[in-house]
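Just add 100 to the spot in the sequence shown (first one is 1) and you have our numbering.
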Amino acid sequence: MKAVFASLGIRNYRIWFVGILISNIGLWMARIAQNWLVLTGLTDESGLAVGITIGLQFGPQLLLAPLAGFVADRFDKRHILMWTQVGMGAAAAAQAVLVLTGVVELWHVYVLAALLGCIAAVDSPSRNVFVSELVSRDYLTNAVSLNSVSFNAARLIGPAVAGLLIEVVGPGWAFAINSLTYVATVSALALIRPEPRVVPSPRESGTIRVRDGFRYMAEHPHLIVVTAMMFLIAATAMNTQVTIALMARVQFGRGAGDFGLLNSAMAVGAMGGGLFAAASRAPRLRTLVVSVVGLGVSLALGAMTSSYLLFAVIMFITGFFMIRLATGANAYMQLGAEPRLRGQVMAVYLAMFLGGSPIGAPVIGWIGDAVSPPATLWAGALGCAIAVLAVLAWYVGTGRGSTHDVFDQLVHGDRAVPETVTVEHPETGPIPLPERRRLER
Numbered sequence: 101m102k103a104v105f106a107s108l109g110i111r112n113y114r115i116w117f118v119g120i121l122i123s124n125i126g127l128w129m130a131r132i133a134q135n136w137l138v139l140t141g142l143t144d145e146s147g148l149a150v151g152i153t154i155g156l157q158f159g160p161q162l163l164l165a166p167l168a169g170f171v172a173d174r175f176d177k178r179h180i181l182m183w184t185q186v187g188m189g190a191a192a193a194a195q196a197v198l199v200l201t202g203v204v205e206l207w208h209v210y211v212l213a214a215l216l217g218c219i220a221a222v223d224s225p226s227r228n229v230f231v232s233e234l235v236s237r238d239y240l241t242n243a244v245s246l247n248s249v250s251f252n253a254a255r256l257i258g259p260a261v262a263g264l265l266i267e268v269v270g271p272g273w274a275f276a277i278n279s280l281t282y283v284a285t286v287s288a289l290a291l292i293r294p295e296p297r298v299v300p301s302p303r304e305s306g307t308i309r310v311r312d313g314f315r316y317m318a319e320h321p322h323l324i325v326v327t328a329m330m331f332l333i334a335a336t337a338m339n340t341q342v343t344i345a346l347m348a349r350v351q352f353g354r355g356a357g358d359f360g361l362l363n364s365a366m367a368v369g370a371m372g373g374g375l376f377a378a379a380s381r382a383p384r385l386r387t388l389v390v391s392v393v394g395l396g397v398s399l400a401l402g403a404m405t406s407s408y409l410l411f412a413v414i415m416f417i418t419g420f421f422m423i424r425l426a427t428g429a430n431a432y433m434q435l436g437a438e439p440r441l442r443g444q445v446m447a448v449y450l451a452m453f454l455g456g457s458p459i460g461a462p463v464i465g466w467i468g469d470a471v472s473p474p475a476t477l478w479a480g481a482l483g484c485a486i487a488v489l490a491v492l493a494w495y496v497g498t499g500r501g502s503t504h505d506v507f508d509q510l511v512h513g514d515r516a517v518p519e520t521v522t523v524e525h526p527e528t529g530p531i532p533l534p535e536r537r538r539l540e541r
């Protein structure tokens with residue numbers, strides 16, 4: 101258990117952990133309030149409208165990825181995060197005012213979602229890479245996993261509180277509380293003193309930096325495979341903000357409180373997945389594929405159930421595999437990139453991972469309206485199946501082994517997948533992780 105929370109022994113990371121925990125609680129309160137407001141207050145239970153809202157919120161990740169990655173690598177990440185957190189807090193306050201005064205319209209929600217998406221596009225690469233400035237390399241996987249635990253601890257508390265607030269006083273106060281929680285992250289950033297960073301040479305233009313980032317990924321095809329896999333899964337299987345809202349309201353006929361509880365049930369499982377990942381060390385491709393299989397199976401089970409309580413249990417399982425996968429992929433990509441290009445690599449990865457939602461969310465919402473809410477879960481299960489088959493085909497097609505070898509590795513894990521992870525040695529550059537670490541279960 102001590103190993104699971106090892107990074108909390110580091111002062112800078114401990115301060116950051118507390119700050120983002122408080123802020124994430126507010127974030128999840130706002131997400132639940134926003135989706136419920138669009139679904140029941142501003143439309144006639146339109147899954148498409150919810151999907152469009154989510155698409156606008158995450159769409160800028162695709163468009164601003166090169167700029168965001170350059171900013172993350174070129175400028176002080178603590179200062180970047182201070183400005184982005186202030187911006188997000190101001191947008192959240194504007195959202196609260198519109199709802200509390202009763203003048204909010206659907207287009208207001210769309211505009212603010214897009215604005216928050218633009219700020220988040222700059223925030224995400226810097227936030228992810230910032231962790232590597234707070235802890236040493238040996239603690240990086242653990243710290244990334246604890247970030248996920250923080251996010252999902254907030255997901256446990258935020259939706260439940262938001263559901264209660266919506267039923268008692270309406271969604272406006274959830275937005276108001278969210279705007280106040282950004283004070284926690286700004287305060288944490290003011291207290292943190294990160295280690296000195298390596299500043300890129302002024303001669304390196306943004307275009308060169310972006311090109312180097314893409315070139316690095318092209319030279320390491322396993323990073324491209326993981327990025328493509330996560331894009332597909334994000335577009336189909338991880339649009340739970342749409343699927344859970346439709347299942348709660350349309351399929352089960354429940355109110356805001358029960359909608360919040362479904363999100364909280366998923367968060368409990370997600371916390372378990374995050375803690376499980378935190379107890380492990382170097383992530384492997386095998387681990388990611390197993391998590392994709394588990395996620396797909398849980399979504400298929402959710403689509404087949406007609407019981408609200410059983411669906412809540414299945415969401416617990418879904419949350420476990422979803423966060424185990426997301427956390428493992430995040431650490432995998434960071435450990436596989438050189439520090440000087442880590443911001444660029446993470447920007448590309450996050451653009452595809454987070455950018456999958458704006459492409460998939462409206463489609464998933466439309467499927468829920470045109471077919472049924474369970475069909476949205478079947479779509480996610482299908483996406484997982486395609487992702488697994490594509491990874492296996494890549495492995496066999498590149499001559500790394502036969503189909504039998506692939507399944508033998510996935511089941512027994514007694515041989516490491518080639519090119520799974522590299523680390524940056526301070527003197528010799530990227531080197532493979534030692535076999536004893538790569539083979540750890």
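Every residue, glycine too, gets a C-beta built ideally from N, C-alpha and C. None of the values given here were measured: they were computed from a predicted structure.
Beta-carbon proximity list for A485, same chain, < 6 Å, skipping 5 on both sides: G396
Cβ contact check for the segment 408–416 and the segment 226–243: 3 or more pairs under 8 Å: no
Distance, N339 Cα to I464 Cα: 8 Å
Cβ contact (3+ pairs, closer than 8 Å) linking the segment 247–261 and the segment 112–125: yes
CB contact below 8 Å: A426 versus chain B: Judged by its chain identifiers, the structure shown contains no chain B, having just a single protein chain.
Where E233 sits in the DSSP three-state scheme: helix
F251 (DSSP reduced to helix, strand or coil): helix
Sub-8 Å separation of L323 and M182 beta-carbons: no
Rounded separation between G151 and C218 - CA only: 17 Å
Spatial neighbours of S460 in its chain, beta-carbon cut-off 6 Å, leaving aside the 5 residues before and after: Note that residue 460 is Gly in the sequence shown, not Ser. Cβ within range, chain order: A335, T336 and N339.
Collapsed DSSP secondary structure at R354 in the structure displayed: coil
Residue nearest to I366 in terms of C-alpha spacing, selected from S236, I423, A165 and A149: A small fix is needed here, since residue 366 is Met in this sequence, not Ile. Selected option, being the one with the closest Cα: I423.
Cβ contact (3+ pairs, closer than 8 Å) linking the segment 132–148 and the segment 279–286: no
Top-ranked residue by Cα proximity to A431, from A403, S232, V392 and T281: S232
7 Å Cβ shell around L265 - same chain, five flanking residues per side excluded: W273 and A274
Cβ contact check for the segment 358–365 and the segment 475–491: 3 or more pairs under 8 Å: no
Exposed unless 16 or more other CB atoms sit within 10 angstroms - verdict on R178: buried
Residue from H320, V390 and S226 whose Cα sits closest to the Cα of A487: V390
Distance between beta carbons of V445 and A165, contact taken as under 8 Å: So it is not a contact: roughly 11 Å between Cβ atoms.
Straight-line Cα distance separating Q157 from P462: 12 Å
Nearest-angstrom Cα separation, counted from V342 out to F453: 17 Å
Chain-order list of residues whose beta-carbon lies under 8 Å from that of A345 (same chain, five-residue window excluded): N135, W136, L139, G147, V150 and F359
N228 to G374 span [Cα, whole Å]: 16 Å
For G263 and I132, believed in contact at Cβ under 8 Å, the rounded distance: 6 Å
CA nearest to the CA of R293, picked from D469, G456 and D176: D176
Whole-number beta carbon distance between M188 and L234, since they are thought to touch under 8 Å: No, L234 and M188 are not in contact; Cβ-Cβ is about 20 Å, not under 8 Å.
Contact belief for E267 with G355 at Cβ below 8 Å, rounded distance in angstroms: 6 Å
Cα-Cα separation between W466 and A213, rounded to whole angstroms: 19 Å
Three-state class that DSSP yields for G460 in the structure shown: helix
When L441, L163 and V325 are compared against G497, the one with the closest alpha-carbon: V325
Sequence-distant residues of the same chain with beta carbon closer than 6 Å to S279, five excluded per side: G189, A192, A193 and A196
Close beta carbons around Q161, own chain, < 6 Å, minus the five adjacent residues each side: A221, A451, L454 and G455
Beta-carbon proximity of G98 to G443, cut-off 8 Å: Nothing about residue 98 can be read from this structure; the chain reaches only from 101 to 541.
Between the CA atoms of L441 and A318 - distance to the nearest angstrom: 13 Å
Cβ shell of A260 (< 7 Å), same chain only, five flanking positions each side left out: G360, L361 and S364
Contact set for T307: own chain, Cβ-Cβ below 7 Å, skip 5 residues either direction: Note that T307 has pLDDT 49, beneath the 50 cutoff, so the model's placement of it is unreliable and no number is given.
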